[in-house]
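To start, the structure under review is shown below, and the notes come after it.
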Amino acid sequence: MFSSWLSLGALRDIDKLCGRYNSRALQVKRVCRHCSIPTMACDNAFYPWQHVMPDAVHALVVAKDVDGLKAISQHDLKNAFYNPKLDIGRNPRGIHGMTPGEPLHVVDLGLFKYALEGFYICLEMNLK
Ligand SMILES: [Zn+2]
Numbered sequence: 371m372f373s374s375w376l377s378l379g380a381l382r383d384i385d386k387l388c389g390r391y392n393s394r395a396l397q398v399k400r401v402c403r404h405c406s407i408p409t410m411a412c413d414n415a416f417y418p419w420q421h422v423m424p425d426a427v428h429a430l431v432v433a434k435d436v437d438g439l440k441a442i443s444q445h446d447l448k449n450a451f452y453n454p455k456l457d458i459g460r461n462p463r464g465i466h467g468m469t470p471g472e473p474l475h476v477v478d479l480g481l482f483k484y485a486l487e488g489f490y491i492c493l494e495m496n497l498k
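Going by my numbering, the first residue of the sequence shown is number 371, and it counts up by one from there.
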């Protein structure tokens, strides 16, 4: 699954699938397609973030709340992945939870560390 997502293009391009802005400039309110952390707070590991939920984004689109969408760095578009008739699995976070992790979450000591451990285990190599 992970490799097929990567074949779609660079991780930044996956923002397009989520309808998220493709910029991480300081003027952009949110820096992540997965969570609510504001760009200006992404250096705070203890920020009380929440997952981006497709229903919340879709509700803003339906309400034509362009300012609300701008506040969460989402484009005003009809996202095919929000269509309940499209079976994309049971992840309640939908496309926002199915795409590969943001570098801000997986590089350094995040999931990247566990991915390396998994590779070593698969190669039957001892980390210690
Ligand atoms: Zn995030």
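Heads up, the beta-carbon is just placed ideally off N, CA and C, and yes, glycines get one too.
Problem set entry | Beta-ladder partner(s) of residue 501, from DSSP | The structure shown does not extend to residue 501, since the chain is modelled only from 371 through 498, so no value can be given for it.
Problem set entry | Collapsed DSSP secondary structure at residue 445 in the structure displayed | If DSSP states are grouped into helix, strand and coil, residue 445 belongs with coil.
Problem set entry | Touch test, the segment 392-400 against the segment 425-435, Cβ-Cβ under 8 Å, three pairs minimum | In short, these stretches do not touch, since the Cβ pair count stays below three.
For this session: Could you tell me if the beta carbon of residue 500 falls within a distance shorter than 7 Å of some heavy atom in ligand 1?
Result: Missing from the structure shown is residue 500; the chain here goes from 371 to 498 and no further.
For this session: Could you tell me if residue 420 is buried or exposed, where buried requires 16 or more neighbouring beta carbons within 10 angstroms of its beta carbon?
Result: Residue 420 comes out exposed.
For this session: In the DSSP assignment, find the alpha helix (DSSP H) that holds residue 428 and state where it starts and stops.
Result: Residue 428 -> alpha helix (DSSP H) spans 424-432.
For this session: State the start and end residues of the unbroken alpha helix (DSSP H) segment that holds residue 387.
Result: Per DSSP, residue 387 belongs to the alpha helix (DSSP H) from 384-388.
Problem set entry | Buried versus exposed, by CB contacts within 10 Å (16 or more), residue 493 | When all chains shown are included, residue 493 counts as exposed.
For this session: Could you name the residues that DSSP lists as bridge partners for residue 421?
Result: Listed as beta-bridge partners of residue 421 by DSSP are 405.
For this session: Compute every distance between the C-beta of residue 407 and the non-hydrogen atoms of ligand 1, then say whether any falls below 7 Å.
Result: The answer is yes for residue 407.
Exercise. At a Cβ threshold of 8 Å, is residue 489 touching chain B?
Worked result: Protein chains in the displayed structure number just one, and chain B is not present.
For this session: Using a threshold of 8 Å, state whether the C-beta atoms of residue 452 and residue 467 are closer than that.
Result: For the 8 Å CB-CB criterion, residue 452 and residue 467 do not form a contact.
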